[in-house]
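Right, one structure below, let's go through it.
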Amino acid sequence: MKKISFFNPKKGAGKTVSAVNIAYALVRKNKKVLLIDCDARSAVQIYLNIEHPKNIYNLITDNYNYSNVNIEDYITNKNGLDIIISTPFLSKLDYFFEIENNDKQGIFYSIKNLMKYFQDYDYVIFDTEGTINNLNTAILNTTDYIFAPTKISEIDLNGIMDIVHCYETIKKINDKLEIKEVFLIDVNQRTKIYSKSKENLTNYLKDKNIEISEISIRHDHNIVVSMEQNKDIFSFRNSSNAAIDYRNLVDEFLESED
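Residue numbers (my numbering): 1 to 258.
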């Protein structure tokens with residue numbers, strides 16, 4: 001089992017759309033995948049139009065209270081992808097651990113403890129909130145790979161610096177953590193701003209011994225329409241530019257694992 005966190009403290013960086021479509025791309029490669037929505041805005045649930053009586057907040061708190069749970073009670077499935085949905089109550093996790101239970105480290109031990117339930121998966125994917133908080137830190141403490149999508153504005157690219165800073169800090173505790181895929185999304189590859197942004201980002205990451213992906217996700221209206229229809233890009237239009245790019249990104253990732 002490998003754990004992948006889609007992480008970028010910048011909101012609107014494309015984490016959810018990338019987490020969903022890369023998860024489905026992996027499923028199409030016959031991988032067993034679990035996608036966990038760890039954003040209190042429940043973006044995955046809205047994107048895929050799914051409901052379930054239990055969510056990631058329930059899983060974390062139930063397992064903390066009872067030490068053991070039936071993981072199947074928390075998982076729903078859509079088109080071959082296992083999913084644990086989120087809830088706005090996720091924003092109350094700090095209150096649950098620090099105030100109700102007087103356990104400031106509880107969230108870190110609890111997230112690590114959950115991994116015992118996921119051993120049958122090839123990949124567990126966390127879609128994280130666009131911020132730096134205790135939950136994201138706890139997730140990164142048990143993560144193998146960071147996937148960091150970013151857009152090409154100066155503000156978005158500055159978010160990569162925050163990612164690298166978090167990575168360097170958490171790497172001291174979780175030495176297996178690796179920034180595996182940094183990739184640009186929603187781009188027009190024919191523009192000068194794309195070329196310049198990719199060059200600047202490549203040079204910055206090179207100084208940190210981190211590589212930027214050769215694959216960028218092109219601007220594609222099919223992404224917007226697929227989200228409106230609550231479908232992954234492959235189910236909606238498998239021949240679209242975005243579907244091709246996400247497939248190529250997954251191929252690049254899987255080749256790097258061999």
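For each residue, glycine too, the CB sits at the ideal point set by N, CA and C. Computed from a predicted model, the values in this text were never measured in an experiment.
Span of the alpha helix (DSSP H), counted from its first residue to its last, around residue i
{"i": "V44", "result": "43-48"}
{"i": "V20", "result": "15-27"}
{"i": "N281", "result": "The structure shown does not extend to residue 281, since the chain is modelled only from 1 through 258, so no value can be given for it."}
{"i": "V250", "result": "241-257"}
{"i": "V225", "result": "221-228"}
{"i": "L35", "result": "Segment 33-38 is the beta strand (DSSP E) holding L35; no alpha helix (DSSP H) there."}
{"i": "I56", "result": "56-66"}
Range of the contiguous beta strand (DSSP E) that encloses residue i
{"i": "A148", "result": "145-150"}
{"i": "L81", "result": "81-84"}
{"i": "I4", "result": "2-6"}
{"i": "K78", "result": "76-78"}
Residue i and residue j closer than 9 Å at C-beta
{"i": "C38", "j": "I50", "result": "no"}
{"i": "K3", "j": "D144", "result": "yes"}
{"i": "A13", "j": "D156", "result": "yes"}
{"i": "I152", "j": "V187", "result": "yes"}
{"i": "I160", "j": "T150", "result": "yes"}
{"i": "F183", "j": "I215", "result": "yes"}
{"i": "Q119", "j": "M1", "result": "yes"}
{"i": "D220", "j": "N238", "result": "no"}
{"i": "L249", "j": "A19", "result": "no"}
{"i": "F96", "j": "T61", "result": "yes"}
Selected residue, minimal CA-CA separation from residue i, among the options
{"i": "L201", "options": "E181, T61, I139, S240", "result": "E181"}
{"i": "E168", "options": "D220, L205, K151", "result": "L205"}
{"i": "I210", "options": "S235, I217, I179", "result": "I179"}
{"i": "I170", "options": "N134, I22, I244, S256", "result": "N134"}
{"i": "D259", "options": "N141, G80, I85, K10", "result": "No answer is possible for residue 259: it lies beyond the span of the chain, which begins at 1 and ends at 258."}
Cβ-based burial, residue i [other Cβ within 10 Å; buried from 16]
{"i": "M227", "result": "buried"}
{"i": "R247", "result": "buried"}
{"i": "T191", "result": "exposed"}
{"i": "E255", "result": "exposed"}
Task: Entirely enclosed beta strand (DSSP E) segments - the stretch 170-217, minimum 3 residues - done: 178-187
TODO: Please list the segments of the beta strand (DSSP E) lying wholly inside the stretch 105-130, counting only runs of 3 or more residues, in order along the chain.
DONE: Correct list: 123-128.
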